[in-house]
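Notes to accompany the following structure.
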Amino acid sequence: MSILPNKSGAAGSVADVTFRVEHNYPIASLTTFGIGGPADMVAFCDSVEQVVEAVEHCQKHRIDYFVIGGGSNILASDKGYRGMIILPKIDFLKVEGETVHVGAAYSLAKMVEQMVESGLAGLESLSGIAGTVGGAIVGNAGAYGQSISDTLIDVNLYHPEKGLYVAAKDQIGFRYRHSELKWSKNIVLSARFKLKHEDLELLRNRATEILDQRWSRHPHEDISAGCFFKNIEDKTAPHGKIAAGYLLEQIGGKSISVGNAGVYPNHANILINKGGASASEVRELSLKLKQKVKEVYGVELSEEVILLGDFS
Ligand SMILES: Cc1cc2nc3c(=O)[nH]c(=O)nc-3n(C[C@H](O)[C@H](O)[C@H](O)COP(=O)(O)OP(=O)(O)OC[C@H]3O[C@@H](n4cnc5c(N)ncnc54)[C@H](O)[C@@H]3O)c2cc1C
């Protein structure tokens with residue numbers, strides 16, 4: 012496919028590539044917040060080869076790139092992104108015994124549901140988490156005491172300098188809601204998990220319980236990026252963490268809003284787009300909340316949500 016340079020020419024031309032490219036593409040349509048200005052380019056990659064091609068193109072033309080999976084953990088700037096957003100649409104799932112090999116773009120919620128229905132345990136507490144398997148690995152997503160890294164064996168990656176390679180779980184530096192893959196230029200292509208056969212009814216009941224709890228506190232529509240701030244790690248607290256949502260509730264966070272950005276009535280750590288909110292409104296709201304928690308509790312909240320682009 013041959014595509015002529017975009018009007019501004021800001022990120023160079025894209026010619027003779029096999030993946031689909033869109034110019035000045037609204038990031039808002041790629042995120043669950045529904046917020047974000049235009050990306051210079053978006054590359055729709057349907058295979059590993061196309062992902063490699065997109066990265067090589069960026070390297071050759073000195074274009075920045077950023078990967079988006081389900082866009083469920085991202086607040087993108089109103090100014091958009093000066094570079095190429097890469098969407099690696101690698102979407103397969105294979106089960107062999109208790110080992111599961113899954114593509115990065117596979118829906119995490121769908122994978123978890125399929126594993127529960129196959130009587131395979133280890134991911135059920137992640138039931139209902141938005142986004143893709145790739146995004147979940149990068150942010151070490153988790154809930155109710157389970158993290159995606161717990162059952163991970165290894166990850167197939169692509170990096171502009173290292174090429175295609177496999178990293179074992181202990182080479183990825185997983186911590187609470189963090190891995191060394193974040194902001195690293197690595198692209199997750201697929202991953203393998205080791206699960207464990209368990210009683211189907213027990214697993215189904217556990218997953219249903221988790222989903223009931225989740226849907227009583229989380230929005231059903233795409234208006235947020237889930238919890239905005241990380242919980243605070245504290246060895247003396249029950250379960251080793253103080254819930255950021257608890258502190259935000261105590262400081263009256265639910266009644267604070269900025270423009271069309273507000274706080275979800277059932278969960279003080281979920282910032283929402285009430286309709287037409289800008290990224291700067293969400294950012295300003297988050298800074299106000301952070302400041303108030305600092306004043307009252309002396310605790311510095313840190314963002315779980317990734318801020319993409321220019322927020323100056
Ligand atoms: C209603 C709601 C509830 C949520 N509840 C939870 C919860 O309980 N627990 C939890 O942990 N999270 C939760 N989240 C946040 C979010 O769903 C998770 O963080 C999810 O794992 C992000 O996946 P994603 O594919 O959407 O990633 P994205 O938002 O697309 O990206 C997140 C990060 O991962 C990177 N990335 C994505 N895919 C790749 C890839 N293939 N290769 C390299 N980098 C990649 C991005 O560059 C970015 O840095 C919730 C979100 C919503 C909207």
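Just so you know, the sequence shown maps onto residues 12 to 323 in the numbering used here. Note that CB positions come from ideal geometry on N, CA and C, so glycine has one too. What you are looking at is a predicted structure, and each value in this text was computed from that prediction instead of being measured.
Heavy atom of ligand 1 within 6 Å of residue i beta-carbon
i: Thr143; result: yes
i: Ile221; result: no
i: His278; result: no
i: Thr43; result: yes
i: Ile74; result: no
i: Ile243; result: no
i: Ser136; result: no
i: Ala54; result: no
i: Ser83; result: yes
i: His250; result: no
i: His229; result: yes
i: Val199; result: yes
i: Pro99; result: yes
i: Ile140; result: yes
i: Ile79; result: yes
i: Ala288; result: no
i: Ile96; result: no
Coarse secondary structure for residue i, derived from DSSP in three states
i: Thr247; result: coil
i: Ala120; result: helix
i: Lys265; result: helix
i: Lys8; result: Not covered by the structure: residue 8. The range shown for the chain is 12 to 323.
i: Asn277; result: coil
i: Leu137; result: helix
i: Leu258; result: helix
i: Glu314; result: strand
i: Lys241; result: coil
i: Ala288; result: coil
i: Tyr308; result: helix
i: Pro16; result: Residue placement at Pro16 is flagged as unreliable, the pLDDT there being 36, under the threshold of 50; the coordinate-derived value follows with that caveat. Reduced to three states, the DSSP call for Pro16 is coil.
is_contact[residue i, chain B] using C-beta, thresh 7 Å
i: His278; result: In the structure shown, chain B cannot be found, because there is only a single protein chain.
Per DSSP, cross-strand counterpart(s) of residue i
i: Ser235; result: Ile283
i: Ile101; result: The partner list for Ile101 (beta bridge, DSSP) is empty, contrary to what the question assumes.
i: Val111; result: Val106 and Phe204
i: Leu131; result: His208
i: Lys303; result: DSSP output for Lys303 lists no bridge partner at all.
i: Met95; result: Met52 and Tyr76
i: Leu319; result: Ala87
*Which runs of the beta strand (DSSP E) fall wholly inside the region 23-84 and span at least 3 residues, in chain order?*
Within the region 23-84, the complete beta strand (DSSP E) runs of at least 3 residues fall at 31-37, 49-56 and 76-78.
*Only counting runs of 4 or more residues, tell me where the alpha helix (DSSP H) segments fall wholly within the region 148-231, in order along the chain.*
Fully enclosed alpha helix (DSSP H) runs of 4 or longer: 211-228.
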